[in-house]
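Shown next, in structure tokens, is the structure this report addresses.
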Amino acid sequence: MQPRILKEPTFYFLVIAAGISLLYWTFNNKDAQQLQIDWQEVEARILVTELTQGYPASEQQREEIESTLVADYILVMEAYELGLQNDARINDILAQKMRHVLSGNVIQPSDQELEDFYQEYLFRYQQPARITATELVFNTQDPLPEPLLEQLANGVGEQDLATGLNRIAGILPRVTQDDLESIFDADIARQAFTTDDATWVGPYQSNRGQHWLQIDERFPARTPSLEEIVDQVRLDWIT
Numbered sequence: 001m002q003p004r005i006l007k008e009p010t011f012y013f014l015v016i017a018a019g020i021s022l023l024y025w026t027f028n029n030k031d032a033q034q035l036q037i038d039w040q041e042v043e044a045r046i047l048v049t050e051l052t053q054g055y056p057a058s059e060q061q062r063e064e065i066e067s068t069l070v071a072d073y074i075l076v077m078e079a080y081e082l083g084l085q086n087d088a089r090i091n092d093i094l095a096q097k098m099r100h101v102l103s104g105n106v107i108q109p110s111d112q113e114l115e116d117f118y119q120e121y122l123f124r125y126q127q128p129a130r131i132t133a134t135e136l137v138f139n140t141q142d143p144l145p146e147p148l149l150e151q152l153a154n155g156v157g158e159q160d161l162a163t164g165l166n167r168i169a170g171i172l173p174r175v176t177q178d179d180l181e182s183i184f185d186a187d188i189a190r191q192a193f194t195t196d197d198a199t200w201v202g203p204y205q206s207n208r209g210q211h212w213l214q215i216d217e218r219f220p221a222r223t224p225s226l227e228e229i230v231d232q233v234r235l236d237w238i239t
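For reference, each letter of the sequence shown is one residue, going 1 to 239 in the numbering used here.
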């Protein structure tokens, strides 16, 4: 009996894509990996779907799960071929996952030990204040016209500014003061975290032009509760 995935048209598209990739690797990479599908993982994903929804997966759902898994395998192989695994964020994720795996073989802390460790090293888990800001870049190194400077001082929104100067606007989401200092300089970063929300902060000169910031939202510094970060605290206790 043929696997259900052979009835799925998407499968043949994926096979063609995989074939092209594998041919390329065969002729260009002596260590080329072969595409190997773990059908037990397919069944595991189907089981999770059935447990989540409370009833058996339909034929269409099963075919979609199979197709998605094949597509994921191909994308992962392509990512490795492009060297995308050599990324600090990916390394952090893998290291974190390995800590979870390895922690199963070591002594686990009690609830009281976790609480004591959390309280002793509370400073580790403190989260700094953050802001979300609109960044406005005027494409000029010359001083801005006085009427425009008055608008910026009065906190006029980017879309309401009356000026013919070329400008580009973007959003800096949930950045810390250290983030801003690394992007701009210490003075701009300090102003952004101390100035009135409406007032534009700037300018910061770069080869792109003049940068100005207007604060859209503030997120105060906080320390998450143990319940929020219990997995991280447990890993820290173990390591």
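From the three backbone atoms N, C-alpha and C, an ideal C-beta is built for every residue, glycine too.
Checklist entry - Looking only at its own chain, which residues have a Cβ that is under 6 Å from the Cβ of residue 222, when we skip the five neighbours before and after it? => result Counted from its first residue, the sequence shown places residue 222 at position 222. So the qualifying residues of the chain are 127.
Checklist entry - Near residue 197, what residues of its chain come up, given a Cβ to Cβ distance below 6 Å and the 5 sequence neighbours on each side ignored? => result Translated into positions along the sequence shown, residue 197 becomes position 197. Residues 215 of the same chain have their beta carbon placed closer than 6 Å to that of residue 197, with the five preceding and five following residues left out of the count.
Checklist entry - Out of 136, 176, 226, which has the shortest C-alpha to C-alpha gap to residue 116? => result Here the question's residue 116 lines up with position 116 in the sequence shown. For residue 116, the nearest C-alpha among the options comes from 226.
Item to check | Contact under 9 Å by Cβ, residue 180 with residue 192 | outcome: Looking up residue 180 in the sequence shown gives position 180. Looking up residue 192 in the sequence shown gives position 192. Residue 180 places its beta carbon less than 9 Å from that of residue 192.
Checklist entry - Taking Cβ to Cβ, would you say residue 108 is nearer than 9 Å to residue 238? => result Here residue 108 refers to the residue found at position 108 of the sequence shown. Here residue 238 refers to the residue found at position 238 of the sequence shown. By the CB criterion at 9 Å, residue 108 and residue 238 fall inside the cutoff.
Next on the checklist: Let me confirm a value: residue 159 is counted as buried when at least 16 other C-beta atoms fall within 10 Å, else exposed. Which label applies?
Outcome noted: Walking along the sequence shown from the start, residue 159 turns up at place 159. The residue in question, residue 159, is exposed, as its Cβ has fewer than 16 Cβ neighbours within 10 Å.
Checklist entry - Can you give the Cα-Cα distance for residue 121 and residue 231, rounded to whole angstroms? => result Position 121 of the sequence shown, counting from 1, holds the residue named residue 121. Position 231 of the sequence shown, counting from 1, holds the residue named residue 231. Cα to Cα, the separation comes out at about 15 Å.
Checklist entry - From the DSSP output, which residues share a beta bridge with residue 132? => result Position 132 of the sequence shown, counted from the first residue, corresponds to residue 132. DSSP output for residue 132 lists 217 as bridge partner(s).
Item to check | Secondary structure of residue 169, DSSP reduced to three states | outcome: Taking the first residue of the sequence shown as 1, we reach residue 169 at position 169. Strand, per DSSP.
Item to check | Backbone CA spacing between residue 152 and residue 199 [nearest angstrom] | outcome: Position 152 of the sequence shown, counted from the first residue, corresponds to residue 152. Position 199 of the sequence shown, counted from the first residue, corresponds to residue 199. Roughly 7 Å separates the two Cα atoms.
Item to check | Range covered by the alpha helix (DSSP H) that runs through residue 143 | outcome: In the sequence shown, the residue the question calls residue 143 occupies position 143. Counting along the chain, residue 143 falls outside any alpha helix (DSSP H), and DSSP gives it neither H nor E.
Checklist entry - Who are the Cβ neighbours of residue 45 in its own chain at under 7 Å, not counting the five residues just before and after it? => result Against the sequence shown, residue 45 aligns to sequence position 45. 65, 69, listed in sequence order.
Next on the checklist: I need the DSSP call for residue 156, collapsed to helix, strand or coil.
Outcome noted: Here the question's residue 156 lines up with position 156 in the sequence shown. Coil.
Next on the checklist: Please return the same chain residues whose Cβ sits closer than 7 Å to the Cβ of residue 49, not counting the five positions on each side in sequence.
Outcome noted: Residue numbering aside, residue 49 sits at position 49 when the sequence shown is read from its first letter. Excluding five sequence positions before and after residue 49, the CB atoms of its chain that fall closer than 7 Å to its own CB belong to 57, 61, 65, given in chain order.
Checklist entry - So what's residue 67 in DSSP terms, helix, strand or just coil? => result Position 67 of the sequence shown, counted from the start, is the residue given in the question as residue 67. Residue 67 falls in the helix class under three-state DSSP.
Checklist entry - Excluding five sequence neighbours on each side, which residues of the same chain lie with their C-beta closer than 8 Å to the C-beta of residue 178? => result If you number the sequence shown from 1, residue 178 lands on position 178. The answer, listed in chain order, is 128, 189.
Checklist entry - Buried or exposed: which applies to residue 131, given that a residue is buried once 16 or more other Cβ atoms fall within 10 Å of its Cβ? => result Counted from its first residue, the sequence shown places residue 131 at position 131. With a 10 Å radius around the Cβ and a threshold of 16 neighbouring Cβ atoms, residue 131 comes out buried.
Next on the checklist: When you compare the CB positions of residue 208 and residue 166, do they come within less than 9 Å of one another, or not?
Outcome noted: On the sequence shown, residue 208 is found 208 positions in, with the first residue counted as 1. On the sequence shown, residue 166 is found 166 positions in, with the first residue counted as 1. In terms of Cβ geometry, residue 208 and residue 166 do not form a close pair [threshold 9 Å].
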